[in-house]
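A short write-up of the structure that comes next.
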Amino acid sequence: MATRTPPPDPKVTFEHLLLKQRLLPEDKIAEAKALQATEGLRLDRAVVQLGLLEERQVLRLMSEQLHIPMMDLSEWEIAADVLQILPTKTVFRKRIVPISREGNTIRVATFDPFDLYALDDVRMMTGLNVEAVLASRDDVEKLIKTHYGLGGDTLDELSANDDDSGPVRGEAGDDLLEAAQEASVIRLVNEIIIEAVQERASDIHIEPYEHHMSIRYRIDGVLHEASVPPQMNRFQAAIISRIKILANLNIAERRIPQDGRIKFNVGGRQIDVRVSVIPMLFGEGVVMRLLDKANVLFTLTQLGMDGDTYGRFRGLIERPHGIVLVTGPTGSGKTTTLYASLNEIVGPTLKVLTVEDPVEYHLQGVNQIPVDHKVGMTFEAGLRAILRHDPDVVMIGEIRDVETARAAIQASLTGHLVLSTLHTNDAASAATRLVDMGVEPFLIASSLAGAMAQRLVRRICPKCKTSYEPDVAKLPKDFAYTPGDKLHRGEGCENCRKSGYRGRYGIYELLTVDEEIAQMIVARESAPRLIAAGRHTGLRLLREDGWDKVRKGLTTVDEVLTCTAI
Numbered sequence: 046m047a048t049r050t051p052p053p054d055p056k057v058t059f060e061h062l063l064l065k066q067r068l069l070p071e072d073k074i075a076e077a078k079a080l081q082a083t084e085g086l087r088l089d090r091a092v093v094q095l096g097l098l099e100e101r102q103v104l105r106l107m108s109e110q111l112h113i114p115m116m117d118l119s120e121w122e123i124a125a126d127v128l129q130i131l132p133t134k135t136v137f138r139k140r141i142v143p144i145s146r147e148g149n150t151i152r153v154a155t156f157d158p159f160d161l162y163a164l165d166d167v168r169m170m171t172g173l174n175v176e177a178v179l180a181s182r183d184d185v186e187k188l189i190k191t192h193y194g195l196g197g198d199t200l201d202e203l204s205a206n207d208d209d210s211g212p213v214r215g216e217a218g219d220d221l222l223e224a225a226q227e228a229s230v231i232r233l234v235n236e237i238i239i240e241a242v243q244e245r246a247s248d249i250h251i252e253p254y255e256h257h258m259s260i261r262y263r264i265d266g267v268l269h270e271a272s273v274p275p276q277m278n279r280f281q282a283a284i285i286s287r288i289k290i291l292a293n294l295n296i297a298e299r300r301i302p303q304d305g306r307i308k309f310n311v312g313g314r315q316i317d318v319r320v321s322v323i324p325m326l327f328g329e330g331v332v333m334r335l336l337d338k339a340n341v342l343f344t345l346t347q348l349g350m351d352g353d354t355y356g357r358f359r360g361l362i363e364r365p366h367g368i369v370l371v372t373g374p375t376g377s378g379k380t381t382t383l384y385a386s387l388n389e390i391v392g393p394t395l396k397v398l399t400v401e402d403p404v405e406y407h408l409q410g411v412n413q414i415p416v417d418h419k420v421g422m423t424f425e426a427g428l429r430a431i432l433r434h435d436p437d438v439v440m441i442g443e444i445r446d447v448e449t450a451r452a453a454i455q456a457s458l459t460g461h462l463v464l465s466t467l468h469t470n471d472a473a474s475a476a477t478r479l480v481d482m483g484v485e486p487f488l489i490a491s492s493l494a495g496a497m498a499q500r501l502v503r504r505i506c507p508k509c510k511t512s513y514e515p516d517v518a519k520l521p522k523d524f525a526y527t528p529g530d531k532l533h534r535g536e537g538c539e540n541c542r543k544s545g546y547r548g549r550y551g552i553y554e555l556l557t558v559d560e561e562i563a564q565m566i567v568a569r570e571s572a573p574r575l576i577a578a579g580r581h582t583g584l585r586l587l588r589e590d591g592w593d594k595v596r597k598g599l600t601t602v603d604e605v606l607t608c609t610a611i
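So that you can map any letter, position 19 of the sequence shown is 64 in our numbering, and since no number is skipped, the others follow by simple counting.
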């Protein structure tokens, strides 16, 4: 089979196909041709860059013009011996992947059929005939990462300059600073972080083991193993040293935990990365928390609040004074809800101050103060200080002790609205938790306006969402199901990494404190009694809100059961 892409019919150009199939009007084609002329692009790339057509639409046209088959590689299985036909460096540099072999012909996937030199290089290196197929850039990139590992080309470059029989790079006796500042190591660390941003990860876990190093990304609350080449382990110390340099940490100190922060710009977005390094048995473990401002500035309804809960909660945060608490375990989205709440009410007529540990995101129009325990700047000290700055609204990152709780209550009683978080399992337990801390019940009753518990459930992937009729016997008894109704789930696709989920929603349980509940708090009533009384003010349990989202096709029964209890 011929190596080179068959030349297109000179009478059938890409522009001709656009007009023939009426994909773009002439004025849009003229706009793309203007970009083509000014930036030296091919017309197909100019069309995609301007957002006039999606890449897959362009590839279909290219397939027709060049008589090259187009394939969906999302489910394609590649034999191990086929993957070894091409050197890793060639695959990464040419962005071309061998996908099958039949006799003396190798089939390769590419998203650029005009890169004839890449096809010629494959023919010369292998001595085989080459057949090209078209695939989307995303499909090709995913194949490369899946089968050749994250940063495989960079690791090959490092390995080429390193003696395989020597010690692990960056161990005692090596120059840690020199190893960490090699261009290849810098590029490798950048690739690890960029991959995490592209996959929408909230955390990167780098974990050392005796014979390998693991990299995992937390996506939608669940950890996913990244495909890592085996040689990654040999450069573990250099990689961690590079991360420590970026975070302004001591690279020579390996005996104690260290914390730092990195700022990255990825695709025009500023990403803050909080870094935690802890010594472990086989080296240092690193966890990097990615804080993307673009992913936090949501409205309360975008977070998943239904109309009734939103209306009641909005009434709480518009009060002139009182305490509003958001409760839940770590990672349940409490801080995001507080930021969304501030965005709802911030404006030129309000003075808003926050005390946070640390300040995760910068909010326009809000004065934010970081906690610094080294100099005695605690939540309590910060709160007492900012009350002298004449605030209308105060946000405290977390109430951790009785001193902070009492200071927050005094602030609310002196005419300030206080927003904060607390670690409890449900909304009613917020009051009992404050009592357990040592706060007098009458102070809680007179200051607490409301408490909202929340959890995060994964959202069904819209691209592989399907309906089904559940087995009624397997549904929890408190889920009111009408036989014949359809529920939904995700089958798993490339868009959701085969998980069936993409993104997350909040489920909420809001308790507003009225006169009856205030009296019950003074009487030290239990949380179940407070919940029963809260029903009169519109309280719905977390499970009830979760089941409502299941019936609406937003999430699944399993997700709700995972994060809630009866």
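Note that beta-carbon positions come from the ideal geometry of N, C-alpha and C, so glycine has one too.
query                                                                                                                                                                                  : result
Hey, how far is the Cα of D481 from the Cα of A450?                                                                                                                                    : 11 Å
Just the Cα atoms here: how many angstroms apart are S377 and A246?                                                                                                                    : 15 Å
Compute the Euclidean distance between the alpha carbons of I431 and V242, then round it to the nearest angstrom.                                                                      : 35 Å
According to DSSP, which residues form a beta bridge with D304?                                                                                                                        : S321
Give me, in chain order, the residues of the same chain whose beta-carbon lies closer than 6 Å to that of H533; leave out the 5 immediate sequence neighbours on both sides.           : I505, K510, S512 and G598
In the structure shown, what three-state DSSP assignment does Y550 receive?                                                                                                            : strand
Using three-state DSSP, classify N278 as helix, strand or coil.                                                                                                                        : helix
Specify, as a first and last residue, the run of the beta strand (DSSP E) that Y513 falls within.                                                                                      : K510 to Y513
Report yes or no: do three or more beta-carbon pairs, one from the stretch 325-338 and one from the stretch 551-567, lie closer than 8 Å?                                              : no
In the DSSP assignment, what are the bridge partners of D417?                                                                                                                          : M422
Looking at I189 and A163, is the spacing between their C-beta atoms short of 7 Å?                                                                                                      : no
Whole angstroms is fine: what's the gap from A180's alpha carbon to L118's?                                                                                                            : 7 Å
Would you call M169 buried or exposed, if buried means 16 or more other Cβ atoms sit within 10 Å of its Cβ?                                                                            : exposed
For the alpha helix (DSSP H) containing P573, name the first residue and the last one.                                                                                                 : A572 to G579
Out of I562, R580 and L520, state which residue places its alpha-carbon closest to the alpha-carbon of E604.                                                                           : L520
What are the boundary residues of the alpha helix (DSSP H) that N235 is part of?                                                                                                       : A228 to Q243
According to DSSP, is G211 helix, strand or coil?                                                                                                                                      : Only weak support is given to the placement of G211: the predicted model assigns it a pLDDT of 41, under 50, and the question is left unresolved by the model.
Tell me the rounded alpha-carbon separation between V213 and H418.                                                                                                                     : Its pLDDT being 42, under 50, V213 is placed unreliably in this model, and the value from its coordinates should be taken loosely. Those two C-alpha atoms are separated by around 37 Å.
Determine, for L88, whether the minimum Cβ-Cβ distance to residues of chain D falls below 7 Å.                                                                                         : Included in the structure is just one protein chain, with no chain D present.
By Cβ distance below 8 Å, which residues in the same chain neighbour H434 in space, the five residues on each side in sequence not counted?                                            : K396, L398 and N412
Going by Cα to Cα distance, which pick from G330, V178 and L606 is closest to E589?                                                                                                    : L606
Given that a residue counts as buried once 16 or more other Cβ atoms are within 10 Å of its Cβ, and exposed if not, what is F59?                                                       : buried
Can you confirm whether the stretch 107-114 touches the stretch 123-140 when touching is taken to mean that 3 or more C-beta pairs between the two stretches lie within less than 8 Å? : no
Based on Cα-Cα distance, which residue from M350, I552, T527 and P365 lies nearest to T459?                                                                                            : P365
Where I260 and G373 are concerned, what is the direct C-alpha to C-alpha distance, given to the nearest angstrom?                                                                      : 28 Å
At 4 residues or longer, and completely inside the stretch 437-520: list those alpha helix (DSSP H) runs for me, N to C.                                                               : 447-458, 474-482 and 486-492
Using the C-alpha atoms, what's the distance from A79 back to M107?                                                                                                                    : 20 Å
Name the one or two DSSP bridge partners that V267 has.                                                                                                                                : I264
Here's the rule: buried if 16 or more other CB atoms are within 10 angstroms of the residue's CB, otherwise exposed. What is Q129?                                                     : exposed
Quick one: using the 10 Å Cβ neighbour count with 16 as the cut-off for buried, is A518 buried or exposed?                                                                             : exposed
Leaving out five residues on either side along the sequence, give the residues of the same chain with a beta carbon under 6 Å from the beta carbon of P403.                            : P415
Where does V567 fall in DSSP's three states?                                                                                                                                           : helix
Among the residues of its own chain, which have a CB less than 6 Å from the CB of K304, if the five just before and after it don't count?                                              : Checking the sequence shown, residue 304 turns out to be Asp, not Lys. Result list for D304: S321, in chain order.
Write down the C-beta distance between T477 and T380 rounded to the nearest angstrom, noting that I regard them as a contact closer than 8 Å.                                          : The Cβ separation is near 23 Å, so there is no contact.
What's the call for P253, buried or exposed, on a 16-neighbour Cβ count within 10 Å?                                                                                                   : buried
In chain order, what residues of the same chain have a beta carbon less than 6 Å from the beta carbon of G483, not counting five sequence neighbours either side?                      : V447
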